[in-house]
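Quick note on the numbering used here: the sequence shown kicks off at 4 and runs consecutively. Glycine included, every Cβ here is placed at the ideal spot set by N, Cα and C. What you are looking at is a predicted structure, and each value in this text was computed from that prediction instead of being measured.
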Amino acid sequence: DSLDESLSLLNRYHYLIKWLHMTIEWQSSKSLDFIRTLRMAGYGMIILGPTLHFWFNFVSKLFPGRDLFSTLKKMVMGQSIYGPAMTVIFFSLNAALQGENDKEIVARLKRDLVPTLLNGVMYWPICDFITFRFIPVHLQPLVSNSFSYLWTIYMTYMASLEKAETDS
4 DSLDESLSLL NRYHYLIKWL HMTIEWQSSK SLDFIRTLRM AGYGMIILGP TLHFWFNFVS
64 KLFPGRDLFS TLKKMVMGQS IYGPAMTVIF FSLNAALQGE NDKEIVARLK RDLVPTLLNG
124 VMYWPICDFI TFRFIPVHLQ PLVSNSFSYL WTIYMTYMAS LEKAETDS
């Protein structure tokens, strides 16, 4: 029953993602921003992918069970350590690759980090619960990447905002 409910939830989530993707694609311009696409793909392949692999193996060794208490501990660690660290890295690297200087990057982080983390707290706990509770460790990065699809739409929107005002 629990697995059936989880699969049903994942199925609904999948259709929500497809609907959002089609809505955003329909509203966006017809042109592809190749440089932004390259930045996002590079971040995913060079930074996010390897760190997800390391992270899921690390927390599964630290808290090896898939019981409720172990799952909750993994979720808390993800929300308090991995999520904030990766968000800072994402915003900083993306801004630097767009030519922003140190002051502009710090201003962007001051403006965007807390709202992004708060939105993440509303999104990632259910994703992490499903991943840590029901998915074998070797498949957890893949499942997390599936959940990341919708989150990436939000993150690329946040990263595309105009430069933040600096205190100079």
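Buried/exposed call for residue i, threshold 16 Cβ in 10 Å
i	result
Leu71	exposed
Gly123	buried
Glu165	exposed
Tyr46	buried
Leu51	buried
For residue j and residue i, believed in contact at Cβ under 8 angstroms, the rounded distance
i	j	result
Thr159	Met48	Actually they do not touch by this definition, with Cβ atoms about 15 angstroms apart.
Leu120	Thr90	6 angstroms
Glu168	Ala88	No, Glu168 and Ala88 are not in contact; Cβ-Cβ is about 25 angstroms, not under 8 angstroms.
Met80	Phe135	Contact flag wrong, Cβ pair sits at about 10 angstroms.
Asp115	Phe94	6 angstroms
Trp127	Gly68	So it is not a contact: roughly 20 angstroms between Cβ atoms.
Range covered by the alpha helix (DSSP H) that runs through residue i
i	result
Gly81	Counting along the chain, Gly81 falls outside any alpha helix (DSSP H), and DSSP gives it neither H nor E.
Ile92	Gly86 to Leu100
Phe3	No statement about residue 3 is possible, as the shown extent of the chain runs from 4 to 171 and does not include it.
Leu41	Phe37 to Gly45
Chain-order list of residues whose beta-carbon lies under 7 angstroms from that of residue i (same chain, five-residue window excluded)
i	result
Thr174	Residue coverage of the chain in this structure runs from 4 to 171, which leaves residue 174 outside it and unanswerable.
Ser63	Val140
Val146	Thr134 and Ile138
Spatial neighbours of residue i in its chain, beta-carbon cut-off 6 angstroms, leaving aside the 5 residues before and after
i	result
Pro144	Leu55, His56 and Phe59
Ile108	Ser95 and Ala98
Lys106	Thr169
Phe66	Ser73, Lys76 and Lys77
Entirely enclosed alpha helix (DSSP H) segments - the segment 93-142, minimum 4 residues
For the segment 93-142, the continuous alpha helix (DSSP H) assignments of 4+ residues that do not extend past its boundaries occur at 105-137, in sequence order.
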